[in-house]
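Engineer: Residue numbers (the numbering used here), protein chains in the order written: chain U, 82 to 175; chain Y, 82 to 175; chain L, 82 to 175; chain P, 82 to 175; chain C, 82 to 175; chain X, 82 to 175; chain G, 82 to 175. Okay, here's the structure, questions in a sec.
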Amino acid sequence: MTIRPLSDRVLLKAEEAEETTKSGIVLAAKAVEKPQIASVIAVGPGGEVDGKEVKMYLKEGDRVIAAKYSGTEVKIDGEEYTIVRQSDILAVVE
Amino acid sequence: MTIRPLSDRVLLKAEEAEETTKSGIVLAAKAVEKPQIASVIAVGPGGEVDGKEVKMYLKEGDRVIAAKYSGTEVKIDGEEYTIVRQSDILAVVE
Amino acid sequence: MTIRPLSDRVLLKAEEAEETTKSGIVLAAKAVEKPQIASVIAVGPGGEVDGKEVKMYLKEGDRVIAAKYSGTEVKIDGEEYTIVRQSDILAVVE
Amino acid sequence: MTIRPLSDRVLLKAEEAEETTKSGIVLAAKAVEKPQIASVIAVGPGGEVDGKEVKMYLKEGDRVIAAKYSGTEVKIDGEEYTIVRQSDILAVVE
Amino acid sequence: MTIRPLSDRVLLKAEEAEETTKSGIVLAAKAVEKPQIASVIAVGPGGEVDGKEVKMYLKEGDRVIAAKYSGTEVKIDGEEYTIVRQSDILAVVE
Amino acid sequence: MTIRPLSDRVLLKAEEAEETTKSGIVLAAKAVEKPQIASVIAVGPGGEVDGKEVKMYLKEGDRVIAAKYSGTEVKIDGEEYTIVRQSDILAVVE
Amino acid sequence: MTIRPLSDRVLLKAEEAEETTKSGIVLAAKAVEKPQIASVIAVGPGGEVDGKEVKMYLKEGDRVIAAKYSGTEVKIDGEEYTIVRQSDILAVVE
Chain U
82 MTIRPLSDRV
92 LLKAEEAEET
102 TKSGIVLAAK
112 AVEKPQIASV
122 IAVGPGGEVD
132 GKEVKMYLKE
142 GDRVIAAKYS
152 GTEVKIDGEE
162 YTIVRQSDIL
172 AVVE
Chain Y
82 MTIRPLSDRV
92 LLKAEEAEET
102 TKSGIVLAAK
112 AVEKPQIASV
122 IAVGPGGEVD
132 GKEVKMYLKE
142 GDRVIAAKYS
152 GTEVKIDGEE
162 YTIVRQSDIL
172 AVVE
Chain L
82 MTIRPLSDRV
92 LLKAEEAEET
102 TKSGIVLAAK
112 AVEKPQIASV
122 IAVGPGGEVD
132 GKEVKMYLKE
142 GDRVIAAKYS
152 GTEVKIDGEE
162 YTIVRQSDIL
172 AVVE
Chain P
82 MTIRPLSDRV
92 LLKAEEAEET
102 TKSGIVLAAK
112 AVEKPQIASV
122 IAVGPGGEVD
132 GKEVKMYLKE
142 GDRVIAAKYS
152 GTEVKIDGEE
162 YTIVRQSDIL
172 AVVE
Chain C
82 MTIRPLSDRV
92 LLKAEEAEET
102 TKSGIVLAAK
112 AVEKPQIASV
122 IAVGPGGEVD
132 GKEVKMYLKE
142 GDRVIAAKYS
152 GTEVKIDGEE
162 YTIVRQSDIL
172 AVVE
Chain X
82 MTIRPLSDRV
92 LLKAEEAEET
102 TKSGIVLAAK
112 AVEKPQIASV
122 IAVGPGGEVD
132 GKEVKMYLKE
142 GDRVIAAKYS
152 GTEVKIDGEE
162 YTIVRQSDIL
172 AVVE
Chain G
82 MTIRPLSDRV
92 LLKAEEAEET
102 TKSGIVLAAK
112 AVEKPQIASV
122 IAVGPGGEVD
132 GKEVKMYLKE
142 GDRVIAAKYS
152 GTEVKIDGEE
162 YTIVRQSDIL
172 AVVE
């Protein structure tokens, strides 16, 4: 099954939690907070949103940080995704 | 009885719940959460909404994911439907 | 007494509750939820609403479904009505 | 003392409660709910409201139904009035 | 000290409470509710407010009724005033 | 350290509380409410705010009354200031 | 890892708390409130936000005061940042 986001929406998948502390110790997923970085899986076509033209500047594969509590969680084929508006994405991580 | 959605609204019917886990086991409806996928039964004519022209890009038969808590539940002839604005539909599933 | 809705408002009267189950059994009014279908009794003239021109597409006699909790309940001459904005009407039933 | 409503406001006075049931029995004021019909006592000049030109279509002597909880109650010379925006008036009763 | 209201604001001073009942009895201030009539002490210059040009139609000395709970109470030199937007003034009393 | 307000913001410092009653008695700071008058310490450059051009009409040294609860309290070098939008300033005191 | 803020957003890092009282005594971090000054680490490209063109006037290295409770806290590589809209930044400190 393929999920095609509509309008100015973006389909995200949270990265597996694996955090390295400054001193280099890798913590197991259980020990750390939910990671805030997600991968862009699919990007909507943009277009008119609330009477304003929206251009999509994100692309598949971008690693991003989304605003907390934004978007809708979706479970398809047992996988969990989040669908957010592009404007709810705060930053790109490189 | 036929339900004709007005303006930018879309009539949805939730798909029967039947979820296959990743390992291929089919769970009975009772054991799974309410499915998030719905079928588009009818599409309103679009037109001016809050002073902005809205074009309908969804069509009958599309399988979609709607934002949680959006829309109004309607029971007609014993069948349950949801009527949402097209802008509350997050994604199309193919 | 005649009630003439103003602006983009519509005067509705809820249909008497009488619901037939799929198997054809007619339930008495007490046994069913409040019906969601109402008849349009009168339609306002439309015109400028919040600086936008509104055209009325509903007409007397239409059977409609209104958004829950929308509008104002009115009791005139012992009869109960609801006055809603046309934009709070979700669908026409035929 | 004369009250001159400003802008798009309308001065209303609730009608004395006297309700006739369908069967023709007149109920004393105490036994019935607060009536929803009010008389228009004075009408503001209209004009620009929030950057939009408002024309007044109500006139002194109209009998109207106002949205519940709209407006401000005012007591002048021992008489009670309500001042509402014209857009809070739902219907005219004739 | 002189208070000069800015923008579309108006400086009000509540009238001393002295209310005459219909039958002509004058009630002492303590026995009546806070009066709703205030005098306009000073009027701001108007001008652009939220991107819209506002003209001031009130003038010093007008007796007005302001919307309840509108504005800010101010105490200067031991005197109490209220500063409200002109749009929060419902009516002029003459 | 110098604080330069941005956009349409104004840096205020509350005046020391010293209130003279009508009869001329000076009350100590503890005995009176927080004074509502503040001095303008610095004024932002104005410019486009929410898509609208804002001109600053306040200047350093003005004594003003700001709306209650508006703005953000800031402590720099042990001194307390408030930063508010110019539109939250109700009046100038002269 | 590099964090690139999107749109009109700015990446901030709170300054280490070290506050000198007026009398010159340096307080340890524990004894003082969370400092309100932050450094600008990175600035988004600006552009169209809600249909309005936003120009970025902040630059890397600026020391700023942001509105309380604005923005989203982000933890990347064990470091804590805040991402805010440029319009939530109240003042520059020099």
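From the three backbone atoms N, C-alpha and C, an ideal C-beta is built for every residue, glycine too.
Between Glu-97 (chain P) and chain L, is there a C-beta pair that is closer than 8 Å?
Structural biologist: With 8 Å as the cut-off, Glu-97 (chain P) does not count as an interface residue toward chain L.
Engineer: With the cut-off set at 8 Å, would you say Val-155 (chain C) and Tyr-162 (chain C) are in Cβ contact?
Structural biologist: In contact: Val-155 (chain C) and Tyr-162 (chain C) (Cβ atoms closer than 8 Å).
Engineer: Within 8 Å (strictly less), CB to CB, does Leu-87 (chain P) reach chain C?
Structural biologist: Interface residue, yes.
Engineer: Kindly list, in the order they appear in chain Y, the residues whose Cβ is closer than 7 Å to that of Lys-156 (chain L).
Structural biologist: The premise fails here: Lys-156 (chain L) is roughly 24 Å from chain Y at the closest Cβ pair, so nothing lies under 7 Å.
Engineer: Does the beta carbon of Val-121 (chain C) come closer than 8 Å to any beta carbon on chain P?
Structural biologist: Not one chain P Cβ lies under 8 Å of Val-121 (chain C).
Engineer: Do Val-145 (chain G) and Val-130 (chain G) have their C-beta atoms within less than 8 Å of each other?
Structural biologist: No, they are not a contact pair.
Engineer: Pick helix, strand or coil for Ser-120 (chain X), following the three-state DSSP scheme.
Structural biologist: Three-state DSSP puts Ser-120 (chain X) in a strand.
Engineer: Work out the CA separation of Ala-95 (chain C) and Gln-117 (chain C) for me, nearest whole Å.
Structural biologist: Straight-line Cα distance between these residues: approximately 7 Å.
Engineer: Hey, how far is the Cα of Thr-153 (chain X) from the Cα of Val-124 (chain C)?
Structural biologist: When rounded, the distance between both Cα atoms is 28 Å.
Engineer: Just list the residues that DSSP pairs Lys-140 (chain U) with in beta bridges.
Structural biologist: Lys-140 (chain U) is not bridged to any residue.
Engineer: Could you pull the DSSP bridge partners for Tyr-162 (chain G) from this structure?
Structural biologist: For Tyr-162 (chain G), which the question treats as bridged, DSSP gives the partners G:Val-155.
Engineer: Measuring only the C-alpha atoms, how far is Lys-149 (chain G) from Lys-140 (chain L)?
Structural biologist: So the alpha carbons of these two residues sit roughly 52 Å apart.
Engineer: Starting from Ala-95 (chain C), follow the beta strand (DSSP E) in both directions and report where the run begins and ends.
Structural biologist: 90-95 is the extent of the beta strand (DSSP E) around Ala-95 (chain C).
Engineer: At a CB-CB cut-off below 8 Å, which residues of chain P make contact with Lys-149 (chain C)?
Structural biologist: In chain order: Thr-153.
Engineer: Can you list the residues of chain U that Val-173 (chain Y) reaches, using a CB-CB cut of under 7 Å?
Structural biologist: Chain U residues near Val-173 (chain Y): Arg-85, Leu-87.
Engineer: Have a look at Ala-112 (chain G) and Glu-160 (chain X) and give me their C-alpha separation to the nearest angstrom.
Structural biologist: Note that Ala-112 (chain G) scores a pLDDT of 45, beneath 50, so its modelled location is shaky and nothing firm can be said.
Engineer: So, Val-135 (chain L) versus Asp-169 (chain L), is the Cβ gap smaller than 8 Å?
Structural biologist: The answer is no: Cβ separation not under 8 Å.
Engineer: In the DSSP output, what is Glu-129 (chain X) paired with across the bridge?
Structural biologist: Its beta-bridge partners are X:Glu-134.
Engineer: So Lys-133 (chain Y) and Gly-132 (chain U) are in contact, right, with Cβ under 8 Å, and what is the actual spacing, rounded?
Structural biologist: With a Cβ gap of about 4 Å, Lys-133 (chain Y) and Gly-132 (chain U) count as contacting.
Engineer: Consider the Cβ of Ile-164 (chain U): report whether some Cβ of chain G lies at a distance smaller than 8 Å.
Structural biologist: No, its Cβ sits nowhere closer than 8 Å to a Cβ of chain G.
Engineer: Give a yes or no on whether the C-beta atoms belonging to Arg-85 (chain C) and Glu-97 (chain X) are separated by under 8 Å.
Structural biologist: No, the Cβ-Cβ distance between Arg-85 (chain C) and Glu-97 (chain X) is not below 8 Å.
Engineer: Starting from the beta carbon of Lys-140 (chain G), find every residue of chain X whose beta carbon is closer than 7 Å, and list them in chain order.
Structural biologist: Going along chain X, no residue has its Cβ under 7 Å from Lys-140 (chain G), so there is no contact; the nearest lies around 13 Å.
Engineer: Start and end of the beta strand (DSSP E) containing Leu-171 (chain X)?
Structural biologist: Segment 170-174, the beta strand (DSSP E) holding Leu-171 (chain X).
Engineer: I need the DSSP call for Thr-83 (chain X), collapsed to helix, strand or coil.
Structural biologist: If DSSP states are grouped into helix, strand and coil, Thr-83 (chain X) belongs with coil.
Engineer: Given a threshold of 16 other Cβ atoms within 10 Å of its Cβ, counted over all protein chains shown, does Arg-166 (chain Y) qualify as buried or as exposed?
Structural biologist: The residue is buried, with at least 16 neighbouring Cβ atoms inside 10 Å.
Engineer: Could you tell me whether the Cβ atoms of Lys-93 (chain C) and Ala-119 (chain C) are closer together than 8 Å?
Structural biologist: Residue identity differs from the one stated: residue 93 (chain C) is Leu in this sequence, not Lys. Contact flag set, yes.
Engineer: Output needed for Leu-171 (chain C): all residues of its chain with C-beta closer than 7 Å, excluding positions within five of it in sequence on either side, in chain order.
Structural biologist: Closer than 7 Å at the Cβ level, and outside the excluded window around Leu-171 (chain C), lie Ile-146, Ala-147, Ala-148.
Engineer: To the nearest angstrom, report how far apart Gly-142 (chain U) and Ile-164 (chain U) are at their CA atoms.
Structural biologist: Near 15 Å, if we compare the C-alpha coordinates of Ile-164 (chain U) and Gly-142 (chain U).
Engineer: For Ser-151 (chain P), collect the residues of the same chain with a Cβ closer than 6 Å to its Cβ; drop the 5 residues on either side in sequence, then sort them by chain order.
Structural biologist: Same-chain partners within the cutoff: Val-165, Asp-169.
Engineer: Skipping 5 residues on each side, what residues in its chain have a beta carbon closer than 7 Å to that of Asp-158 (chain Y)?
Structural biologist: These residues qualify, in order along the chain: Met-82.
Engineer: Does any CB atom of chain L fall closer than 8 Å to the CB of Gly-127 (chain Y)?
Structural biologist: No, its Cβ sits nowhere closer than 8 Å to a Cβ of chain L.
Engineer: Could you give the distance in angstroms between the alpha-carbon of Val-91 (chain G) and the alpha-carbon of Val-91 (chain P)?
Structural biologist: Whole-angstrom Cα-Cα distance: 48 Å.
Engineer: Measure from the C-beta of Val-135 (chain P) to each C-beta in chain C and report whether the shortest distance is under 8 Å.
Structural biologist: It does not: the Cβ of Val-135 (chain P) has no partner Cβ on chain C nearer than 8 Å.
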